[in-house]
Amino acid sequence: MKFITFSEYCQKIEETTKRLEMIDLITDLLGETPAEEVKFMINLLQGKLYPDYMGVELGLAEKLALRAISRATGLPQGKLESLMVEKGDVGFVAEEAAKLKSQSTLLSFMEERSELTLREVYEGLEKIAKASGEKSQDLKLSALAGLLSKASPLEARYILRIVTGRLRLGVADATILEALAQYFLGSREKRPLLERAYNISSDLGLVAETVAIEREEGIKKFRIHPGVPLMPMLAQRMAEPDEILEKMNGKCAVEYKYDGERMQVHKVHDEVYIFSRRLENITHHYPDIVKLVKGHVKADVAIVEGEAVAIDPETGELRPFQELMHRRRKYGIKEAIEKYPILLVVFDCLFVDGEDYTSKPYIKRREVLKNIILEGERVKIVESKVVMSTDEMERFFIKAIEDGCEGLIAKDVTGKSIYRAGKREFLWIKLKRSYMSKMIEPVDLVVIGAYHGKGKRKGTYGALLLAAYNHEKDVFESVCKCGTGFTDEDLQKLPSMLEPYKIEHRHPRIETGMTADVWFTPVRVLEVIGDEITLSPIHSCGKGSVKPDAGLAIRFPRFTGRYREDKAPEQATTTKEIVEMYKNQLKRVE
Ligand code: AMP
Numbered sequence: 018m019k020f021i022t023f024s025e026y027c028q029k030i031e032e033t034t035k036r037l038e039m040i041d042l043i044t045d046l047l048g049e050t051p052a053e054e055v056k057f058m059i060n061l062l063q064g065k066l067y068p069d070y071m072g073v074e075l076g077l078a079e080k081l082a083l084r085a086i087s088r089a090t091g092l093p094q095g096k097l098e099s100l101m102v103e104k105g106d107v108g109f110v111a112e113e114a115a116k117l118k119s120q121s122t123l124l125s126f127m128e129e130r131s132e133l134t135l136r137e138v139y140e141g142l143e144k145i146a147k148a149s150g151e152k153s154q155d156l157k158l159s160a161l162a163g164l165l166s167k168a169s170p171l172e173a174r175y176i177l178r179i180v181t182g183r184l185r186l187g188v189a190d191a192t193i194l195e196a197l198a199q200y201f202l203g204s205r206e207k208r209p210l211l212e213r214a215y216n217i218s219s220d221l222g223l224v225a226e227t228v229a230i231e232r233e234e235g236i237k238k239f240r241i242h243p244g245v246p247l248m249p250m251l252a253q254r255m256a257e258p259d260e261i262l263e264k265m266n267g268k269c270a271v272e273y274k275y276d277g278e279r280m281q282v283h284k285v286h287d288e289v290y291i292f293s294r295r296l297e298n299i300t301h302h303y304p305d306i307v308k309l310v311k312g313h314v315k316a317d318v319a320i321v322e323g324e325a326v327a328i329d330p331e332t333g334e335l336r337p338f339q340e341l342m343h344r345r346r347k348y349g350i351k352e353a354i355e356k357y358p359i360l361l362v363v364f365d366c367l368f369v370d371g372e373d374y375t376s377k378p379y380i381k382r383r384e385v386l387k388n389i390i391l392e393g394e395r396v397k398i399v400e401s402k403v404v405m406s407t408d409e410m411e412r413f414f415i416k417a418i419e420d421g422c423e424g425l426i427a428k429d430v431t432g433k434s435i436y437r438a439g440k441r442e443f444l445w446i447k448l449k450r451s452y453m454s455k456m457i458e459p460v461d462l463v464v465i466g467a468y469h470g471k472g473k474r475k476g477t478y479g480a481l482l483l484a485a486y487n488h489e490k491d492v493f494e495s496v497c498k499c500g501t502g503f504t505d506e507d508l509q510k511l512p513s514m515l516e517p518y519k520i521e522h523r524h525p526r527i528e529t530g531m532t533a534d535v536w537f538t539p540v541r542v543l544e545v546i547g548d549e550i551t552l553s554p555i556h557s558c559g560k561g562s563v564k565p566d567a568g569l570a571i572r573f574p575r576f577t578g579r580y581r582e583d584k585a586p587e588q589a590t591t592t593k594e595i596v597e598m599y600k601n602q603l604k605r606v607e
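Just add 17 to wherever you are in the sequence shown, counting from 1, and you've got the working numbering.
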């Protein structure tokens, strides 16, 4: 496929404000892509070369990018730097530079149809991403200049955005899955089939390639591969033990909910890989856990999940979540291991020696867990108990809190209690400490817009427009405008922190009755707490689920100081959860 075709679609996608239109555009683009190139196309559409878990990042520095543009077009560096100030986007600078070049060589860029292919661009970008060592800067520079010298202005725009890690078309995984289902399986209704393959492989490019070449048959044959992370199963939330027990038909297991970092640990013979909740490969931060896994997981090949918690080296007591963050560093890992030791509490097992346990019920998985984990001072199997009364659940809850945990996770124990990768359903339900108090628990919301500050806040933002995630509709629905809880330091850094996500118009995946001074692609997640949830005529969160024509809003929202960098926007609090919280709140008042 020609790269110009891809670029033209990127432009159309960027300009649309409607999600369905976006799906149709991607479907049309799939129609133009040969099956063996679908993988590359889908990856590029998301501004990447490989699935995230591989950790290969395209984030070429702006300076180097400008040097490559200068080399390809002959325009002086100074001219490009001032264009950069004027346009504020390295893609537009490259586009403009390419136009100027074609004018100066008397070639109209309209006539000069570029011959660049998608594969050529992909391979060029691969060279740039993989260049390492002493000469890496030179290699990157010449590879990029080489691509640019063949590119038309529009192509130059997108090559530059991709290579600097700033494509951000805002095309969500779910949107791509729908387009794939529509084009290759004949209907968007078939998205769940593709979603399952995606949830066990975390590789949209691979799913796309498989369905393009092997259609439904290939997708049905998708299997777990140790070393490749699965999307984590997530928990719903409920406020009261009796509700949970009712939902679980009178019987469930309850486990301590540790406040740490989730880890998906893959042991593949002598190798160990650790993936975070967002599926980053975080193995290099935790050589101590690698060692523990080698000594305490008694299977040759296994995938287990657990929570890593910081402990007090003196007393062995659990420490707060924040302490773990000291371990996410580049240097001084050895010292950090000593200063901030970790306990790994294992709670699930997904794969053992060739057998996929995700389709086995909870009780079976726990039995296997007991067989393969050798417990020790630093590796434990989660505290768990099967309960049949709220009394028992409450007592276990109090014990969990006393032991330094956040609360409980109740787990279904019936035959249907399989491990649902990537799903947030009622097979797991969390009960946190804050639910038991009068105030509502904090929620994780996505920044979708902002308002310019006035007076003391001139030059920064006065408030942010925040949204919850509607999973069914795959959109972000506004739930509050929040200007409280930000320290001076927060306020100072907000504009630059949000700058990369600025867009010209409301993003197609945002739904709100509010207007904002500035709109953002929904990416950043913040933790917010409020006084109560109220009905709202303008916020669109859960619109119509409580009263027709009314949405829900958080009253008196305050930023808690916690930037949830560990959460993707789709992992933010869902509108469904906010509706539940609203209903529970009413119950509490009654
Ligand atoms: P939340 O992050 O509030 O959605 O809560 C779910 C998280 O709790 C999971 O992603 C795990 O990181 C963590 N967790 C702690 N203990 C457990 C447990 N026993 N079972 C499952 N998840 C747990």
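Even glycine gets a Cβ: it sits at the ideal position worked out from N, Cα and C.
Handout entry: Residues near Phe443 in its chain [Cβ-Cβ closer than 6 Å; skip 5 each side]
Key = Numbered from 1 along the sequence shown, position 426 holds the residue referred to as residue 443. The residues are Gln253 and Lys264.
Exercise for the section: Would you list the one or two residues that DSSP bridges to Gln94? Expected result: For this step, residue 94 is matched to residue 77 along the sequence shown. The bridge partners DSSP lists for Gln94 come to none.
Practice task
Can you tell me which of Gly244, Glu257, Lys268 and Glu260 puts its alpha carbon nearest to the alpha carbon of Asp317?
Solution key: Here the question's residue 317 lines up with position 300 in the sequence shown. If we check each option's Cα against that of Asp317, Gly244 comes out closest.
Exercise for the section: Kindly confirm or deny that the region 320-337 and the region 277-286 touch, where touching means at least three C-beta pairs closer than 8 Å. Expected result: Taking a contact to require three or more Cβ pairs closer than 8 Å, the region 320-337 and the region 277-286 qualify as touching.
Handout entry: Alpha carbon of Pro574 to alpha carbon of Arg183, nearest angstrom
Key = Translated into the one-based positions of the sequence shown, residue 574 becomes position 557. Translated into the one-based positions of the sequence shown, residue 183 becomes position 166. Using only the alpha carbons, I get a separation of about 31 Å.
Problem - Sheet register partners of Arg15 (DSSP bridge) - result: The question about residue 15 has no answer here: the residues shown for the chain are numbered 18 through 607.
Exercise for the section: With a 10 Å radius around its C-beta and 16 neighbouring C-beta atoms as the bar for buried, classify Leu262 as buried or exposed. Expected result: In the sequence shown, residue 262 corresponds to position 245, counting from 1. Counting of Cβ neighbours within 10 angstroms places Leu262 among the buried residues, the total reaching 16 or more.
Practice task
Report yes if the C-beta distance between Ala146 and Leu61 is below 8 Å; otherwise report no.
Solution key: What you label residue 146 is simply residue 129 of the sequence shown in a count that begins at 1. What you label residue 61 is simply residue 44 of the sequence shown in a count that begins at 1. Between Ala146 and Leu61, the gap from beta carbon to beta carbon reaches 8 Å or more.
Exercise for the section: Measure from the alpha carbon of Thr50 to the alpha carbon of each residue in Thr529, Phe537, Ser24 and Ser131, then state which is nearest. Expected result: Translated into the one-based positions of the sequence shown, residue 50 becomes position 33. Checked all of Thr529, Phe537, Ser24 and Ser131; the closest Cα to Thr50 is Ser24.
Handout entry: heavy atom of ligand 2 below 7 Å from Val399 C-beta
Key = Looking for ligand 2 in the displayed structure turns up nothing; the ligands present are ligand 1.
Exercise for the section: Within the region 125-203, note down every full alpha helix (DSSP H) run reaching 4 residues or more, in order along the chain. Expected result: Every alpha helix (DSSP H) of 4 residues or more that sits fully in the region 125-203 is shown, in chain order, as 135-147, 153-167, 170-180 and 190-201.
Practice task
Say yes only if the C-beta of Ile426 is nearer than 7 Å to one or more non-hydrogen atoms of ligand 1, and no if none qualify.
Solution key: Along the sequence shown, read from residue 1 onward, the residue named residue 426 stands at position 409. The beta carbon of Ile426 sits closer than 7 Å to at least one heavy atom of ligand 1.
Exercise for the section: Keeping to the same chain, check which residues put their C-beta closer than 7 Å to that of Met453; ignore five residues upstream and five downstream. Expected result: By one-based count along the sequence shown, residue 453 stands at place 436. Residue placement at Met453 cannot be trusted, given a pLDDT of 41 that sits under 50; the coordinates are not used to answer.
Problem - Classification of His524 by the beta-carbon crowding that lies within 10 angstroms, buried from 16 upward - result: By one-based count along the sequence shown, residue 524 stands at place 507. Buried, by the Cβ-count rule.
Practice task
Taking 8 Å as the threshold, find out whether the region 152-159 comes into contact with the region 34-49 through three or more Cβ pairs.
Solution key: The region 152-159, when compared against the region 34-49, does not touch it at the 8 Å Cβ threshold.
Problem - CA nearest to the CA of Thr592, picked from Thr532, Val496, Met531 and Lys564 - result: Here residue 592 refers to the residue found at position 575 when the sequence shown is read from its first residue. Per the Cα distances, Val496.
Handout entry: Near ligand 1: Tyr273 beta-carbon under 7 Å from a heavy atom
Key = Start at 1 with the first residue of the sequence shown, and residue 273 comes out as number 256. Checking the Cβ of Tyr273 against ligand 1 gives yes.
Exercise for the section: Confirm the yes/no value for this check: CB of Arg345, any heavy atom of ligand 1, distance under 7 Å. Expected result: Within the sequence shown, residue 345 is the residue found at index 328, counting from 1. Every heavy atom of ligand 1 is 7 Å or more from the Cβ of Arg345, so no.
Exercise for the section: May I ask whether a heavy atom of ligand 1 can be found less than 7 Å away from the beta carbon of Ala252? Expected result: By 1-based counting over the sequence shown, the position of residue 252 is 235. True, at least one ligand heavy atom lies under 7 Å from that Cβ.
Problem - Any beta strand (DSSP E) of 3 or more consecutive residues that is wholly inside the region 311-352 - result: Those beta strand (DSSP E) runs which fall completely within the region 311-352 and span 3+ residues are 318-327.
Practice task
With a threshold of 7 Å, establish whether the CB of Trp536 neighbours any heavy atom of ligand 1.
Solution key: On the sequence shown, residue 536 is found 519 positions in, with the first residue counted as 1. Distances between the C-beta of Trp536 and the heavy atoms of ligand 1 are all 7 Å or more.
Exercise for the section: Would you list the one or two residues that DSSP bridges to Lys428? Expected result: Looking up residue 428 in the sequence shown gives position 411. Paired residues: Ala270 and Trp445.
Problem - Burial state of His302 (16 or more Cβ within 10 Å) - result: As a working note, residue 302 is residue 285 in the sequence shown. Label assigned to His302: buried.
Handout entry: Thr431, buried or exposed, once every other Cβ within 10 Å from all chains shown has been counted against 16
Key = Along the sequence shown, read from residue 1 onward, the residue named residue 431 stands at position 414. The residue in question, Thr431, is exposed, as its Cβ has fewer than 16 Cβ neighbours within 10 Å.
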